[in-house]
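Structure record follows, encoded as structure tokens.
2 protein chains.
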Amino acid sequence: MAKSPKISASHEPGGLIVHISGLLPSLSPAEQRVARLVVADPADAARRTITDLATAAETSEATVIRFCRSVGMDGYPQLRIRLAAEAARRVEPPDARVVGGDIPPGADLAQIIATIAFNDARAVEETAEQLDPAVCEQVVEAIGAAGRIDVYGAGASGFVASDFQQKLHRIGRIAFYFPDVHTALTSAALLGRGDVAVGISHTGTTSDVIEVLEQARARGATTVALTNFPRSPITEVADHVLTTAARETTYRSGATASRLAQLTVVDCLFVGVAARSRARTKKALEATAEAVRSRRVGPGRRRA
Amino acid sequence: MAKSPKISASHEPGGLIVHISGLLPSLSPAEQRVARLVVADPADAARRTITDLATAAETSEATVIRFCRSVGMDGYPQLRIRLAAEAARRVEPPDARVVGGDIPPGADLAQIIATIAFNDARAVEETAEQLDPAVCEQVVEAIGAAGRIDVYGAGASGFVASDFQQKLHRIGRIAFYFPDVHTALTSAALLGRGDVAVGISHTGTTSDVIEVLEQARARGATTVALTNFPRSPITEVADHVLTTAARETTYRSGATASRLAQLTVVDCLFVGVAARSRARTKKALEATAEAVRSRRVGPGRRRA
DNA sequence: ACGCCCTCTGAAAGTAAGTTTCATCCGTGG
DNA sequence: CCACGGATGAAACTTACTTTCAGAGGGCGT
Numbered sequence: 001m002a003k004s005p006k007i008s009a010s011h012e013p014g015g016l017i018v019h020i021s022g023l024l025p026s027l028s029p030a031e032q033r034v035a036r037l038v039v040a041d042p043a044d045a046a047r048r049t050i051t052d053l054a055t056a057a058e059t060s061e062a063t064v065i066r067f068c069r070s071v072g073m074d075g076y077p078q079l080r081i082r083l084a085a086e087a088a089r090r091v092e093p094p095d096a097r098v099v100g101g102d103i104p105p106g107a108d109l110a111q112i113i114a115t116i117a118f119n120d121a122r123a124v125e126e127t128a129e130q131l132d133p134a135v136c137e138q139v140v141e142a143i144g145a146a147g148r149i150d151v152y153g154a155g156a157s158g159f160v161a162s163d164f165q166q167k168l169h170r171i172g173r174i175a176f177y178f179p180d181v182h183t184a185l186t187s188a189a190l191l192g193r194g195d196v197a198v199g200i201s202h203t204g205t206t207s208d209v210i211e212v213l214e215q216a217r218a219r220g221a222t223t224v225a226l227t228n229f230p231r232s233p234i235t236e237v238a239d240h241v242l243t244t245a246a247r248e249t250t251y252r253s254g255a256t257a258s259r260l261a262q263l264t265v266v267d268c269l270f271v272g273v274a275a276r277s278r279a280r281t282k283k284a285l286e287a288t289a290e291a292v293r294s295r296r297v298g299p300g301r302r303r304a
Numbered sequence: 001m002a003k004s005p006k007i008s009a010s011h012e013p014g015g016l017i018v019h020i021s022g023l024l025p026s027l028s029p030a031e032q033r034v035a036r037l038v039v040a041d042p043a044d045a046a047r048r049t050i051t052d053l054a055t056a057a058e059t060s061e062a063t064v065i066r067f068c069r070s071v072g073m074d075g076y077p078q079l080r081i082r083l084a085a086e087a088a089r090r091v092e093p094p095d096a097r098v099v100g101g102d103i104p105p106g107a108d109l110a111q112i113i114a115t116i117a118f119n120d121a122r123a124v125e126e127t128a129e130q131l132d133p134a135v136c137e138q139v140v141e142a143i144g145a146a147g148r149i150d151v152y153g154a155g156a157s158g159f160v161a162s163d164f165q166q167k168l169h170r171i172g173r174i175a176f177y178f179p180d181v182h183t184a185l186t187s188a189a190l191l192g193r194g195d196v197a198v199g200i201s202h203t204g205t206t207s208d209v210i211e212v213l214e215q216a217r218a219r220g221a222t223t224v225a226l227t228n229f230p231r232s233p234i235t236e237v238a239d240h241v242l243t244t245a246a247r248e249t250t251y252r253s254g255a256t257a258s259r260l261a262q263l264t265v266v267d268c269l270f271v272g273v274a275a276r277s278r279a280r281t282k283k284a285l286e287a288t289a290e291a292v293r294s295r296r297v298g299p300g301r302r303r304a
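For the protein sequence lines, the chains are A and B, in the order given.
Taking the UniProt record's numbering, the leading residue of the first sequence gets 1, the next gets one more, and so forth.
Taking the UniProt record's numbering, the leading residue of the second sequence gets 1, the next gets one more, and so forth.
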């Protein structure tokens, strides 16, 4: 019976739907059908009986129950109630077209802007809602006490990794980021107990990042994963897992929403670490700001 | 007949609790006991099973059902769901401190997270609100028709510039980004009529970026500025000005909120350009996604 | 005061919903 | 080709919900 993975959902009163969509890829096909129905219309799902929902998802009641357990609920009634609560909280959708997340072919610029902003803002909010402060705390602790911090990320997540590195560096922490896998592996091999390795991967399946994190862990470093999917492979090599909550649309594979969510998490960690030693940090920040001042012109605001 | 009073509650989705307490005096003693429990803690009631609630109210299940009917519900499950929804709705706005924008010295992680997320989301939303679709349209036109696009940015804005370059490249536009000022200047000197130069600077005062943009303009390129300050120096060398709306807090000079706002704008432009030639774009996006597939592992699964 | 009737109430029977168990059916890897 | 393990639905089972019904009280007319 140690079977049910049961990713904890208890600490995120607001983000059940988000939580479910994050878990979606890790569910079995039949469970995914259920999940999709639930995510598509939580309020409606809450109204249905288990048999009803099972039928709608073209599966059996047993599968629905399995789904409930998979997303961390005790059973169907609990899911139902949480869904109802979630649906109630949901603010009015601005516009049917906008909510879908995808952009209609004939959209004009104003529509595009509204859609993107809406999704981006949502990703940020929902990410914050489902972030576990306890885990963040542990990560902040680890980073604050670390001898050295390595941040890994590839592709789009590489930007975020690099951003994090820069932030940490600015407040006087010894942090590195490597655009190149080989260099990263080399660095990971030099990590040890008390050091921290942070791996960022939206999908959680980027083998480069996973390998490096694995290496870091083998060397005794504390490993942290930042991903959108709580059961993706990267989480298996991480001591602490932080998740974002972006539901990417197919069309804009530029994947900005997830990037914003990642940045938000990174920023939370950054501020958390900074807050641990406010005085020292402030001084460092001022010094770095001063350093670039000469590169600025004018009074920062000029002309009537 | 005509027995159950069944005061309709269906048309007042928000006021179930109010509704119940309103007709509390008209209920029978046993039902009143149930009603009082429900009103006192709707969320708790929603969690209980009918037997449980009956016991707590020192009555029988039958009475609970009668109570449900009395207040206009079909049965207990419906009441439960409505209660859950109701209880969820009365969650309170985050916290006064959170709205302020700055982070109090003694803040704990949860507070920090809420504050940051709130500000980040706000920055994105407000940016979208004040973005001028007409200007965006012109920029999109210019980029869509450009022979070549240069994107400039330094420091934190450099990330965004680089991101934009990558996005444009992904959909087959010829775009460049230069981390180094000298290289950027060289490139700007090679621009001409029909080309586009985009300068990104949060403060709008970064001399490097301004100079490069100026150079580009002198060569006949269309220049675009993305900044938070509509009257900053950079706007004087730009044909089109796009602004973000982030109010940075002093403390987190990492400046994430402004970065998120910038990314959102960039994304809007990107999608706008992409939408101009959907077919070609989609093909390009698919090809690039395919290219990194081999770098992904596993089915995103394998229990803890 | 008595008894009739009417409402309130919970016990128990009945029905529906939710949960568990188990046999079967794949696809995977030896 | 077989053994294995996960996924799945049918059916047995348990729990929750609903209905029925009879008894307890209480007002009120005689």
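Here a beta-carbon is modelled for each residue, glycine too, at the ideal position from N, C-alpha and C.
The structure displayed is predicted, hence computed values, not measured ones.
Check this for me: beta carbons of residue 197 (chain B) and residue 152 (chain B), under 8 Å apart or not? Taking the second sequence and counting its residues from 1, one reaches residue 197 (chain B) at position 197. Taking the second sequence and counting its residues from 1, one reaches residue 152 (chain B) at position 152. Closer than 8 Å, so yes.
Within-8 Å CB hit, residue 145 (chain B) to chain A: If you number the second sequence from 1, residue 145 (chain B) lands on position 145. Interface with chain A (8 Å Cβ-Cβ cutoff): residue 145 (chain B) is excluded.
Discussion item. As a quick exercise: from A:195, A:193 and A:233, pick the residue whose alpha carbon is nearest that of residue 209 (chain A).
Written reply: Sequence index remark: in the first sequence, residue 209 (chain A) carries index 209 (1-based). For residue 209 (chain A), the nearest C-alpha among the options comes from A:233.
### Residue environment, residue 147 (chain B), which counts as buried when at least 16 other CB atoms sit within 10 Å
Numbered from 1 along the second sequence, position 147 holds the residue referred to as residue 147 (chain B). With fewer than 16 other Cβ atoms within 10 Å, it is exposed.
Exposed or buried, what is residue 183 (chain A) when buried is set at 16 or more other beta-carbons lying within 10 Å of its beta-carbon?
What you label residue 183 (chain A) is simply residue 183 of the first sequence in a count that begins at 1. Result: exposed.
Quick one: what's residue 197 (chain A) bridged to in DSSP?
Counted from its first residue, the first sequence places residue 197 (chain A) at position 197. DSSP output for residue 197 (chain A) lists A:150 and A:223 as bridge partner(s).
| Apart from the five residues on each side of it in sequence, which residues of its chain come closer than 7 Å, Cβ to Cβ, to residue 216 (chain A)? | Here residue 216 (chain A) corresponds to residue number 216 of the first sequence, with the count starting at 1. Non-local beta-carbon contacts of residue 216 (chain A) in its own chain, meaning distances under 7 Å to residues more than five positions away in sequence, involve 150, 188, 191, 197 and 223 in chain order.
Can you tell me the Cα-Cα spacing of residue 239 (chain A) and residue 82 (chain A), whole angstroms?
Within the first sequence, the letter at position 239 stands for residue 239 (chain A). Within the first sequence, the letter at position 82 stands for residue 82 (chain A). If I take the Cα positions, the gap works out to 29 Å.
Within this structure, are the beta carbons of residue 42 (chain B) and residue 87 (chain B) separated by less than 8 Å?
As a first step, residue 42 (chain B) is located in the second sequence; it is residue number 42 there, counting from the start. As a first step, residue 87 (chain B) is located in the second sequence; it is residue number 87 there, counting from the start. A distance below 8 Å separates the beta carbons of residue 42 (chain B) and residue 87 (chain B).
Is the CB-CB distance between residue 200 (chain B) and residue 161 (chain B) below 8 Å? As a first step, residue 200 (chain B) is located in the second sequence; it is residue number 200 there, counting from the start. As a first step, residue 161 (chain B) is located in the second sequence; it is residue number 161 there, counting from the start. A contact, by the Cβ cut-off of 8 Å.
What residues of chain B sit near residue 268 (chain A), judged by a beta carbon separation below 7 Å?
Translated into the one-based positions of the first sequence, residue 268 (chain A) becomes position 268. Here the neighbours are 112, 113 and 116.
Quiz item: Should the region 123-139 of chain A be regarded as contacting the region 115-128 of chain B, the criterion being three or more beta carbon pairs within less than 8 Å?
Solution: A contact between stretches requires three or more CB pairs, one per stretch, nearer than 8 Å, and the region 123-139 of chain A meets this requirement with the region 115-128 of chain B.
Check whether the Cβ of residue 199 (chain B) lies closer than 7 Å to any heavy atom of the ligand ZN, and answer yes or no. Annotation note on the ligand ZN: not contained in the displayed structure, which lists no ligands.
Contacts around residue 92 (chain A), its chain only, beta-carbon distance under 6 Å, and the 5 residues preceding and following it disregarded: Residue mapping note: residue 92 (chain A) aligns to position 92 of the first sequence, counting from 1. Because the pLDDT of residue 92 (chain A) is 48, which lies under 50, any placement of that residue in the model is unreliable, and the number read from its coordinates should be weighed accordingly. Listed in chain order, the non-local C-beta contacts of residue 92 (chain A) below 6 Å within the same chain number zero, local neighbours out to five positions each way being set aside.
In chain order, which continuous runs of the beta strand (DSSP E) of length 3 or greater are located wholly inside the region 167-198 of chain B?
Uninterrupted beta strand (DSSP E) stretches at least 3 residues long and entirely within the region 167-198 of chain B occur at 175-177, given in chain order.
Got a sec? Which residues, its chain only, sit under 7 Å from residue 165 (chain A) by beta carbon, not counting five neighbours each side?
Indexing the first sequence from 1 puts residue 165 (chain A) at position 165. Take residue 165 (chain A), set aside five residues on each side of it, and the residues of its chain with a beta-carbon closer than 7 Å to its own are 151, 175, 176 and 177, in chain order.
Q) Would you call the CB atoms of residue 245 (chain A) and residue 130 (chain A) closer than 8 Å? A) Stepping through the first sequence from its first residue, residue 245 (chain A) is reached at position 245. Stepping through the first sequence from its first residue, residue 130 (chain A) is reached at position 130. Inclusion of residue 245 (chain A) and residue 130 (chain A) in the CB contact set at 8 Å is warranted, their separation being smaller than that value.
Under three-state DSSP, which class holds residue 39 (chain B)? Residue mapping note: residue 39 (chain B) aligns to position 39 of the second sequence, counting from 1. Residue 39 (chain B) carries a helical assignment under DSSP once its states are collapsed to helix, strand and coil.
How about residue 258 (chain A) and residue 228 (chain A): do their beta carbons lie closer than 8 Å?
Your numbering for residue 258 (chain A) matches position 258 in the first sequence. Your numbering for residue 228 (chain A) matches position 228 in the first sequence. In contact: residue 258 (chain A) and residue 228 (chain A) (Cβ atoms closer than 8 Å).
Q. Can the beta-carbon of residue 273 (chain B) be found closer than 8 Å to that of residue 140 (chain B)?
A. For the purposes of this step, residue 273 (chain B) is taken as the residue at position 273 of the second sequence. For the purposes of this step, residue 140 (chain B) is taken as the residue at position 140 of the second sequence. Against a cut-off of 8 Å, the Cβ pair of residue 140 (chain B) and residue 273 (chain B) comes out as a contact.
Flag residue 141 (chain B) as yes if its beta-carbon sits less than 8 Å from any beta-carbon of chain A, otherwise no. Taking the first residue of the second sequence as position 1, residue 141 (chain B) is located at position 141. Answer no: the Cβ-Cβ gap between residue 141 (chain B) and chain A never drops below 8 Å.
| message | Please tell me whether residue 40 (chain B) and residue 24 (chain B) are closer than 8 Å, where the distance is taken between their beta carbons. | response | Within the second sequence, residue 40 (chain B) is the residue found at index 40, counting from 1. Within the second sequence, residue 24 (chain B) is the residue found at index 24, counting from 1. Contact: no.
- Is residue 242 (chain A) helix, strand or coil when you go by DSSP? Taking the first sequence and counting its residues from 1, the one referred to as residue 242 (chain A) is at position 242. Under the three-state reduction of DSSP, residue 242 (chain A) is assigned to strand.
task = Sort B:266, B:60, B:203 and B:58 by Cα distance to residue 155 (chain B) and report the nearest one.
result = As a first step, residue 155 (chain B) is located in the second sequence; it is residue number 155 there, counting from the start. Closest option to residue 155 (chain B), judged by alpha-carbon separation, among B:266, B:60, B:203 and B:58: B:203.
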